[in-house]
Structure formats: structure tokens, C-alpha cells
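Chains A and B, in that order, are what the protein sequence lines are. Following this note's numbering, the numbering of the first sequence begins with 1 at its first residue and continues without gaps. Following this note's numbering, the numbering of the second sequence begins with 328 at its first residue and continues without gaps.
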Amino acid sequence: MALKDFFKNRQLKRAAKLHQKQGSATAGNISELKAKSAIDDALLCSLWTKCQGCNELLYTSELKKNLSVCKKCNFHHRLTAHERIEQLIDYGTFVEINDDVLPSDPLNFTDLKSYKERLKDAQQLSGVSEAIITGIGNINNQLVSIGAMEFQFIGGSMGSVVGERITRLAEYSTEKKLPLIIISSSGGARMHEGILSLMQMAKTASALKRLHEEKLLYISILTEPTFGGVTASFAMLGDLIIAEPEARIGFAGRRVIEETIRQKLPKDFQTAEYLMENGQIDMVIQRQTLKQIVSDLIRLHTQNIKKKRFSNNGSDKTIFEKILARL
Amino acid sequence: MKENKEIIPLDFEKPLIALSKQISELEQKTRTLQNGNKKLVEDLKLQYSKVKSEIYKELSPLDKVKIARHPQRPYTLDYVEKISPVWYELHGDRTGKDDQSIIGGLIEIDGQTVMVIGTQKGRNLKENQKRNFGMPSPEGYRKALRLFHHAEKFNLPIITFIDTPGAYPGLEAEAKNQSQAIALNLRELSGLTVPVISIITGEGGSGGALAIGVANRILMLENSVYSVISPEGCAAILWRTKDKTQEAANALKITAKDLYELGITDEVIPESEGGAHYNPDETSRNILNAIRNHLEELLKLTPEEVKKDRQDKIRNLGVFSTN
């Protein structure tokens, strides 16, 4: 959309508001104007983005260049799973695995819509087959296995597929001796799969136990928002837990707690900073420095062991190639 | 006379300060005069440095306590900054608090990742509220424990920096079981298979210090002290008056030299003249050298040998007679 159209659109909107205030316009006239502005808004979104932190209008391309962090107020906008991978993994090195694990409707669940329909809608909306994508790739030339959750897919909720993909990723990490990174963004367990989704908490945690026993590094990255069964299983089990600034992280949601204890909660309740103050996470890190710091941490956690192994066996630098060949 | 002017003098240093002031005054006066007087100033300077080194050589245990508690003495974060290009602090005990009087994180020495854990005091009132004057709560010790296990898992040698008046004596600390937190650290530290090096950099305050001080090598800075109780506390209990602090300090054998002679510690790390606060860079270099030497030795051992080395060292502590 051209800039000219944007101003025209704004004029139209103002006119509509004025009409409303004066109450002089006919009903038909207003609805026409409203309908028009709605379409224009959709167009607008592709060019401009309204910051969810400070309401400032930002050029979408500029915002994307700054990794979707507002330059004015430092608000970290939500990212899709693919954007996450793009930002963390070296260009062209990501290989998705376990994408053949796909959702089904074991309970024939229906609320306002059937679960089957919901799945279809979610797949269409988000462009991914489930609420997490998993794979392997390089972070500054260090091979890792990585999973990134997709909040747009039914609130990033964990059902059988998310549980299975994470479990398989952790098992793959254990087998290949790779560091594991999971970027969480989820409302919790997926109600549509009932008790099966609850059991994914146990399944993922148990896979991580085996990873832990092999002394492999697991970095959990928490992003806005991470809640419920996800926090209460794999997300809080990181050897290192990193969160993005002001991300909301917790078990029960704010409203549920407020209603239960009948008290207003402090403003910073359940933010990343609040969690750090209360000893629950290791660091709060700006998105711009996330890749560098994560890669540094991986190096720091593996170099002592590598040194030892090299002194025993000699080099095995081609691990990445070997693994790719086997895929 | 290269001292930093802003250093706060201790009482035994006051004659030195007065002397140095006189010399500099004289120097100014003689600037316009003949060579003969300049020689006088130089003689005085020579005498001054002699007196200075004598004073610092014959410090009493209580004087050392004063240096160890000097408000400008470098703390853990100061040393970390000077000995490593990398510092990633790890926060929290994961169960409800991030006690800031104990800090922990990752550093790098000669391409080797090392876990640092240390007590941290504050420089001013505001910082000290945050750091609780370097007195850890149970949560602080539990954070340390979490990081000990982390280091064990990833094969990271551990270096602990100790400068604390002691574990925090408070209501909440008791309610959260301060004793158990310390006890558990003692047990877990003795079972680690990674090398542990402890450095007493200031006050080694009893159990609160030992809780991160069970190590393969225990090193002490020249002017640091390590004791079962503060001299003031000891005087108040055993002599029933605080006036006897000097006597208590002498009797307790708390200086680095005393502990080395008792076979508790492995090395006395020299400080810059007058104390680490006169030249933190020089002291940090000495610390780094000591760490390198001991780490090199310990890394030659297998994990099991490292553990046995530590347990043997602990097993042999204590003096007694048998019939």
C-alpha cells in the first residue's frame, strides 16, 4: 500500500468518527465506512505494525530488521516458530525432523467447534502442522537440536504431538550427544486431548531425565507467554533457563489466581524479571543478544568435555556431516 | 609513595599518613632550593618506605582483621572481572529466591570453563541491602548447591571466593533451615569429582564460609582471616568483655600464616603492599597465578582421584592424641 492510500484511509476514518460523534450520519453510511476501513486495516498491517507495548506505529520491515523488538519501548513481539529458528540457527543449516508426527482427534472432542476443525483452522492460520517444530541445525557453527513452539497454533498448547516431537527430539539429542534447546511459548496443556495431553508432561520430563543422565546440556528459553503444563514440565527443567524481557511465565494464569485469592496482584507479577528475582530462572536476555549468548553458553559447557575427548580419541569434527548423511 | 590518595587509612597506618604528608610538604618547599635539601627529602622517602614495610610486616592479627574488612577491599566480582574475559552470572536457587549475597557463574581461564561461586559484599548502603553485607541465607547456599551440581554435570572445575562475616543470623533464615543448607553443602562438596579450589579473600566467617569452602585446595590471601568465630564474638563469650578482642584475635590463630602453619590451607597468596585494596590488579594477578598452578595439578588427576584427594584432605583435619 502506498503512503498516499494510508493518509486517505486515515482521513476516511476520521470522517467516520466525526459522523459518529455528531450522530448525523445514516446507519448505512457508517457501516459502509467501517467496512471499508476494516479492509484497509488489513492492508495497513502489512506495511505498518502497531507496537503492542507503546502503541507506536512502526514500519513492519524496520521492526523485522530489529528482530521484532520495538526500538521505542523495547517490547518483544511474539514470533512464529519459523522466525525463531531463523533468528537462532545459522542460515541454511536447519533440517526439520519428526514433521511426520501429525495430530489426530483421539477423543472425538467437540466444544463450539469440533477439534478436527480446529486443527485444520490452526494449520491454515499458522502454516505449521502442529504447535512445535523440531530439528537440528548450527548455532554459530555448533550443532544443536532445537525445538520452537508456535503460539498461533491453538495457543501453543501441548497435546500428544507436541509431547511426542519433544520426546523424540530429546531422545535424538541423547543418542547423538547434542545440546538441546527448546523455545517455549504456550498456554499449557491442550484440553481437547484430555488426559492424554496431561500425560505429555510426564513423557517429556522423563525423556529429559535420560538426557540429564547423559550429562548433556539443555537450554530452555521462555518467551511470552509460557504457562501451565508446559512450564510445569520441560520448560522449567533446563540446565540453564533464559527468558526474554517482560515475558509472562507462570503456572496458573493471573486471572485465575486473582479470583481464587481475591486479591489484586502486583503489576510485575509473573514477568521474567519477577521470576529472576525469585530465583526461578538464570538470566533475562534481550533478543538481539540471544544467539550470541546461547552459542557462548554452549561453547562454555562443551569445551572442557571436548578437550578431554580430543585428547583421548582425536578429532571428530565431522559430526554434523555424519548426522546429515544418516538423515 | 604510589598509593591512591582516596584510600581510607586504618588506625595503624595513621603515622604513615602523617609522615607522607610531611614529606610532600617538605618536597614542595624545597622545590626552589639547592641540591643538598633535595637529598634530605630523598633520605626521608627512603626512611619512609622502610618504616612502611616494617609496619606492614609486623601487623597484629587484629590489624589483619581490619584489612580483611576494609570497605575498599576487592570483592568477588572485582576479582572475576580481572581474571576472566568472560562472565555469565547464573541466578537463583530455582525454588523461590535469588540470594544476592552469594553469586555464581561461568568464567574462562586458558580455554577452560570454570564455575565461580563466591560471597559478595556491597560497597554502599544500597548495595549492602541487596547483598545483605555478604551474609548468605539458606537460599544462597541452595543456589550454590545447584551450581555445584551443574559444574559436576558439565565437568567444570569450581573456584569459590570467600569473604563473609558469616551465614545470616535471622528469623527467616532459621525458619528455612540455615543449618541444613550449610550441612548439605559440606556433604555434597566432599563428593564432587571436579576440582574445587577455595580462596579466602577477606573474612572467612565460620560455617557460613565453610559451606562453600570444602575444597581440594584452600588458599588464603595474605591479609585474610578464617575463624570459627569473630574475635569480638569470642571475646564477648569467653572473656565476657569486648575489650579483650585483641587477645581473642591473637589466641584464635586466624591469620593466613597461622592457618598455613596449622596445615589447614595450602598456600598464602601475597597481596599488594598494605593490602589488596592498594593494588587490586597486582593481587588479582597473584590470584590468577595461584589458580593456574593448582588447577594444572588437579586436572592431571582422574575424577575419582580428585574426589579422593579432597576426601583424604578433609579426613586428616584435626589434632588429638591417642594412648
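Where a beta carbon is used, it is the ideal one built from N, C-alpha and C, also for glycine. Bear in mind the structure is a predicted one, so any value in this text is a computation, not a measurement.
DSSP-derived helix/strand/coil call for M283/A: Three-state result, M283/A: strand.
Going by beta-carbon coordinates alone, are L353/B and K379/B separated by less than 8 Å? Taking 8 Å as the cut-off, the beta carbon of L353/B is found no closer than this to the beta carbon of K379/B.
Chain A partners of L483/B, CB-CB under 9 Å? What L483/B touches in chain A: L300, H301, N304.
I'd like to know if T446/B contacts chain A, where contact means its C-beta is closer than 8 Å to some C-beta of that chain. In terms of beta-carbon proximity, T446/B stays away from the interface with chain A, with every pair separated by 8 Å or more.
With a threshold of 8 Å between beta carbons, is Y415/B in contact with chain A? It does; some Cβ of chain A falls within 8 Å.
Is R637/B close to chain A, meaning its C-beta is less than 8 Å from at least one C-beta of that chain? Cβ-Cβ to chain A under 8 Å: no for R637/B.
For the alpha helix (DSSP H) that R633/B lies in, which residues bound it at each end? First, the amino acid is wrong: residue 633/B is Val here, not Arg. Where V633/B is concerned, the enclosing alpha helix (DSSP H) stretches over 630-642.
Give me whichever residues DSSP pairs with V443/B in a beta bridge. In the DSSP assignment, the residues bridged to V443/B are G432/B, I486/B.
Cβ neighbour criterion (16 or more within 10 Å) applied to Y91/A: Looking at its Cβ environment, which holds fewer than 16 other Cβ atoms inside 10 Å, Y91/A is exposed.
For M276/A, which residues in chain B fall below 9 Å Cβ to Cβ? Those within 9 Å of M276/A in chain B are H418, G419, D425.
CB contact check: T281/A to chain B, cutoff 8 Å: In the sequence as displayed, the identity of residue 281/A is Ile instead of Thr. By this cut-off, I281/A is an interface position.
Could you say which of Y218/A, G238/A, T271/A, L237/A lies nearest to E244/A if we only look at CA atoms? Of Y218/A, G238/A, T271/A, L237/A, the residue nearest in Cα terms is T271/A.
Is there a C-beta anywhere in chain B that falls below 8 Å from the one on D99/A? Output row for D99/A: interface = no.
Residues near Y383/B by beta carbon distance below 7 Å, same chain, minus five either side: Here the set comprises E600, G601.
In chain B, what lies closer than 8 Å to K267/A by C-beta? Under the 8 Å cutoff, chain B gives no residues; its nearest Cβ is about 20 Å from K267/A.
Using alpha carbons as the reference points, say which of I85/A, R84/A, T80/A lies closest to L125/A. Considering only alpha carbons, the answer is T80/A.
Should S611/B go down as buried or exposed, given a rule of 16 or more other Cβ atoms within 10 Å for buried? With 16 or more Cβ atoms within 10 Å of its Cβ, S611/B is classed as buried.
Give, in chain order, every residue of the stretch 182-215 of chain A whose Cβ lies closer than 8 Å to some Cβ of chain B. So the close ones are H212, K215.
Does the Cβ of Y115/A have 16 or more other Cβ atoms within 10 Å, making it buried, or fewer, making it exposed? So Y115/A counts as buried.
Can you find at least 3 beta carbon pairs, one from the stretch 519-531 of chain B and one from the stretch 566-578 of chain B, that sit closer than 8 Å? Touching, no.
Is it buried or exposed, D338/B, if we count other Cβ atoms within 10 angstroms and call 16 or more buried? Exposed, since its Cβ has fewer than 16 Cβ neighbours within 10 Å.
Identify which residue in T357/B, P388/B, L346/B, A510/B has its Cα closest to the Cα of L373/B. Per the Cα distances, L346/B.
On the premise that T528/B lies in contact with K391/B, defined as a C-beta separation below 8 Å, what is that separation, rounded to the nearest angstrom? With a Cβ gap of about 13 Å, K391/B and T528/B do not count as contacting.
Less than 7 Å between C-beta atoms, sequence neighbours within five positions excluded: which residues of the same chain meet that for R84/A? Around R84/A: A148, I183.
So, with DSSP's three-state summary, where would you put W566/B? Note: W566/B maps to helix in three-state DSSP.
Report the rounded CA-to-CA distance for Y274/A versus D268/A, giving the unit in angstroms. Each residue's Cα considered, the two are about 6 Å apart.
Neighbouring residues, chain A, relative to Q439/B (Cβ below 8 Å): What Q439/B touches in chain A: Q303, N304, K307.
Taking Cβ positions only, does L297/A come closer than 8 Å to chain B? By this cut-off, L297/A is an interface position.
Show which residues of chain B have a CB atom less than 8 Å away from the CB atom of D239/A. Simply H477, K480, F481.
Cβ of N140/A within 8 Å of Cβ of S295/A? Yes, the pair counts as a contact, with Cβ atoms nearer than the cut-off.
Give me the residue from K264/A, L297/A, I285/A with the minimum Cα distance to P179/A. The option with the nearest alpha carbon to P179/A is L297/A.
Neighbour flag for T403/B against chain A, beta carbons, 8 Å: No, no contact with chain A.
In or out: D426/B buried (at least 16 other Cβ within 10 Å) or exposed? D426/B is buried by the Cβ-count criterion.
With DSSP run on the structure shown, which of helix, strand or coil describes T167/A? T167/A: helix per DSSP, three-state reduction.
Provide the residue(s) that pair with A148/A in DSSP beta bridges, ordered along the chain. A148/A is bridged to I133/A, I183/A.
Extent of the continuous beta strand (DSSP E) to which K571/B belongs: Boundaries cannot be given for K571/B, as no beta strand (DSSP E) includes it and DSSP labels it neither H nor E.
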